[in-house]
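Peer 1: The letter at position 132 of the sequence shown is residue 278 when you use the numbering used here, and the numbering goes up by one with no holes.
Just so you know, even glycine gets a beta-carbon here, dropped at the ideal spot from N, CA and C.
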Amino acid sequence: MKHKKYIVSSFILVVLLVLCYSFYDQEEITVKKEKEKEDIVYVERVDSVGLVILYPQFSTIDLVCDTMPSKEDASVILVAEAAYTGECIKQFKHSNISGDHVSRGVLYRGYKSRRNTGAFVYYNDAWKFCEQPYRNELDSAAHYGGAGFAQELIVKNSKLMDTPRKDGSKNCFRALCEHSSRLCIIESDSIITFGEFKNRLMNYGVANAIYLDMGAGWSYAWYRTPSSIIELKPHRHDYCTNWVTFYK
């Protein structure tokens, strides 16, 4: 009888030990998962020399046209308006985008603008900042299923370029840049002159930079963290037409 009680007690003890280990093991797994979630970085943010610098950890880039990428699409990590928009009209048409452009591997005709002194293209997992003439690069981006758009080229190979924009114009400025062989989106942390913005880009060591539309409402952009969406500038209207979009 005592032997039977001993066996029952031992069995209960073993069950309790298993349950305890399972509980602590599960708790450890939960803590580990939470820690891993905290360690995930979709977009690295750096605030330096009067600039806000966003480094997306991306796998691919596209120029999305017509409808802004949804925040519900978990694959999208950073979105910003790219080329200029011509008119404030409800109906979307590619001809209302400044300059020829490539979206999802298709080349579209945009309206001509003297402000487009350069272009940005992405295809075959590589990017290029292009001076005029850049049409061949847009054709290549379309041929290889990439993306591209035209804009004001600010910096090329670490040298400032002549731009249509006057140095004395004031705004909160933004550009798509290459810094230390990494792509990033950089904007001024306040309203400054364009000349000062260029100086800050050079002081930060930017190798290439092309302007991104920052008109009122067109300046709206957002990026993803593991737990939230961070918005840049207020959303004022629905007349935006195209967005440079980074995917994880």
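Using the DSSP secondary-structure output, state which residues sit across from Arg320 in a beta bridge.
Peer 2: Glu333
Peer 1: Looking at C-beta atoms only, is the number of pairs between the segment 345–358 and the segment 187–202 that lie closer than 8 Å three or more?
Peer 2: Between the segment 345–358 and the segment 187–202 there are three or more C-beta pairs closer than 8 Å, enough to call the two in contact.
Peer 1: Identify whether Leu197 lies in helix, strand or coil by the three-state DSSP scheme.
Peer 2: strand
Peer 1: Give the DSSP bridge partners of Arg370, in chain order.
Peer 2: For Arg370, the beta-bridge partners assigned by DSSP are Ile375.
Peer 1: Would the beta-carbon of Cys211 fall within 9 Å of that of Tyr254?
Peer 2: yes
Peer 1: Of the residues Thr206, Val301, Ser194 and Phe295, which one's Cα is nearest the Cα of Tyr230?
Peer 2: Phe295
Peer 1: Following the continuous beta strand (DSSP E) through Asp208, name the residue where it begins and the one where it ends.
Peer 2: For Asp208, the enclosing beta strand (DSSP E) starts and ends at Thr206 to Cys211.
Peer 1: Expressed to the nearest angstrom, what Euclidean distance is found between the alpha-carbon atoms of Arg382 and Ala362?
Peer 2: Rounded to the nearest whole angstrom, the C-alpha separation of Arg382 and Ala362 is 7 Å.
Peer 1: Is there contact between the segment 300–310 and the segment 358–377, where contact requires at least three CB pairs shorter than 8 Å?
Peer 2: no
Peer 1: Please tell me whether Ile356 and Glu298 are closer than 9 Å, where the distance is taken between their beta carbons.
Peer 2: yes
Peer 1: Could you spell out where the alpha helix (DSSP H) holding Tyr350 opens and where it closes?
Peer 2: Phe340 to Tyr350
Peer 1: Which residue's Cα is closest to the Cα of Leu378: Thr213, Asp384, Ala272 and Val225?
Peer 2: Val225
Peer 1: Does the Cβ-Cβ distance between Phe204 and Lys344 come in under 9 Å?
Peer 2: no
Peer 1: Terminal residues of the continuous beta strand (DSSP E) containing His247?
Peer 2: His247 to Ser249
Peer 1: What number of angstroms, rounded off, separates the C-alpha of Tyr366 from the C-alpha of His289?
Peer 2: 31 Å
Peer 1: Can you give me the C-alpha to C-alpha distance between Val187 and Tyr369, rounded to a whole angstrom?
Peer 2: 11 Å
Peer 1: For Thr206, which residues of its own chain have a beta-carbon under 6 Å away from its beta-carbon, when the five flanking residues on both sides are left out?
Peer 2: Tyr393
Peer 1: Using a Cβ-Cβ cut-off of 8 Å (strictly less than) and excluding sequence neighbours within five positions of Ser286, which residues of its own chain qualify?
Peer 2: A distance below 8 Å between beta-carbons, with the five flanking residues on each side excluded, links Ser286 to the following residues of its chain, in chain order: Val267, Tyr269 and Gly292.
Peer 1: Assuming Glu283 is part of the alpha helix (DSSP H), what are its boundary residues?
Peer 2: Arg281 to His289 is the span of the alpha helix (DSSP H), which, as asked, contains Glu283.
Peer 1: Got a sec, what are the start and stop residues for the beta strand (DSSP E) Glu227 sits in?
Peer 2: Val222 to Glu227
Peer 1: Measuring alpha carbon to alpha carbon, tell me which residue in Asp271, Ser249, Ile243 and Val252 is nearest Lys258.
Peer 2: Residue Ile243 is the option with its Cα nearest to Lys258.
Peer 1: Looking only at its own chain, which residues have a Cβ that is under 6 Å from the Cβ of Glu333, when we skip the five neighbours before and after it?
Peer 2: Val198 and Arg320
Peer 1: How many Å lie between Asp313 and Arg260 at the Cα?
Peer 2: Between the alpha carbons of Asp313 and Arg260 lies a gap of roughly 17 Å.
Peer 1: Going by Cα to Cα distance, which pick from Glu277, Ile300 and Thr387 is closest to Ser340?
Peer 2: As written in the sequence, residue 340 is Phe, which differs from the Ser given in the question. Answer by Cα proximity: Ile300.
Peer 1: Looking only at DSSP bridge pairs, what is Ser244 linked to?
Peer 2: Tyr257
Peer 1: Residues bridged to Leu299 by DSSP?
Peer 2: Ile356
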